[in-house]
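Mapping of the sequence shown onto our numbering: residues 825 to 1008, in sequence order.
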Amino acid sequence: MAILKIAKMGAPILGEIAEEVLDPTSQETASVVSNMLETLIDSGGLGLAAPQVYISKRIIILFRLSSREEELNYDDATNLLIMINPVIEPLSDEIDVDWEACLSVPGMMGAVPRYTKIRYTWSDLQGKKHEDQAEGFFARAIQHENDHLEGVLYPQRIQDLQLFGFSDEVNRNLDLLNKGSFKE
């Protein structure tokens, strides 16, 4: 396993649509996932998409958390979701705006609109197809990672640039910012 370099905003690969994985069961795919997992754990992140490590493949790894406050446990493999060629479909028109950060946009945070409930399908490393639903924080995390496969970074989805800034400033002023238009 290897720790891979994380692409930062401005890297061309982050603006490209990732290529479909033709064989989810291949050794190459397993190796990419293994290296992505080591990189994710090293970075302290919640999720990672292959384009974020300069690999144009439709692969996402993500830890299942039901809320932002839930503690992330990298040793609990039952909470690790590995998605090959994921597809997302909103289950309602309901949108929530909440704060997001990203390993590819270090030191920044922004208030991003996302669907509150989604259906998602994917293949696993054995080639088996799955379908599930997610809502709330976990639905947000899936949509965030899937955006990387479509060449979209979260700042491109922000509707009010006053709700985008350096993480330390945003966290220091979060109470004031949360009284803004997106939480009323």
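Note that CB positions come from ideal geometry on N, CA and C, so glycine has one too. Keep in mind it's a predicted model, so treat the numbers as computed, not measured.
Buried versus exposed call for residue i [16 or more other C-beta atoms within 10 Å across all chains shown]
i: residue 924; result: buried
i: residue 996; result: exposed
i: residue 954; result: exposed
i: residue 876; result: buried
i: residue 971; result: buried
i: residue 963; result: buried
i: residue 884; result: buried
Contact belief for residue i with residue j at Cβ below 8 Å, rounded distance in angstroms
i: residue 910; j: residue 938; result: Between residue 938 and residue 910 the Cβ distance is about 15 Å, and since that is not below 8 Å, they are no contact.
i: residue 982; j: residue 988; result: 5 Å
i: residue 838; j: residue 928; result: 6 Å
i: residue 908; j: residue 848; result: 4 Å
Straight-line gap, residue i to residue j (C-alpha atoms, nearest Å)
i: residue 999; j: residue 993; result: 11 Å
i: residue 1008; j: residue 950; result: Its pLDDT being 43, under 50, residue 1008 is placed unreliably by the model, and nothing is read from it.
i: residue 986; j: residue 934; result: 9 Å
i: residue 843; j: residue 880; result: 6 Å
i: residue 890; j: residue 936; result: 18 Å
i: residue 830; j: residue 868; result: 12 Å
i: residue 915; j: residue 905; result: 20 Å
i: residue 897; j: residue 866; result: 13 Å
i: residue 957; j: residue 845; result: 22 Å
i: residue 825; j: residue 860; result: 9 Å
i: residue 850; j: residue 946; result: 16 Å
i: residue 855; j: residue 827; result: 12 Å
i: residue 931; j: residue 979; result: 13 Å
i: residue 852; j: residue 873; result: 16 Å
i: residue 926; j: residue 832; result: 9 Å
i: residue 901; j: residue 977; result: 27 Å
i: residue 895; j: residue 878; result: 28 Å
i: residue 917; j: residue 948; result: 28 Å
i: residue 952; j: residue 899; result: 24 Å
i: residue 919; j: residue 858; result: 34 Å
Spatial neighbours of residue i in its chain, beta-carbon cut-off 6 Å, leaving aside the 5 residues before and after
i: residue 871; result: 886, 965, 969
i: residue 913; result: 943
Own chain, CB closer than 7 Å to residue i, minus 5 neighbours either side, in chain order
i: residue 959; result: 940, 941
i: residue 961; result: 889, 890, 891, 892
i: residue 834; result: none
i: residue 862; result: 825, 826, 827
Cut-off 8 Å between Cβ atoms - residues of its own chain near residue i, not counting five sequence neighbours on either side
i: residue 841; result: 973, 974, 975
i: residue 967; result: 912, 938, 939, 942
i: residue 903; result: 887, 888, 889, 897
Check: Which parts of the segment 828-892 are runs of the alpha helix (DSSP H), unbroken and 4 residues or longer, counting only runs that do not cross its ends?
Finding: 851-867
Notebook entry, point to check: Going along the chain, which unbroken runs of the beta strand (DSSP E) with 3 or more residues stay wholly within the segment 909-938?
Noted result: 919-926
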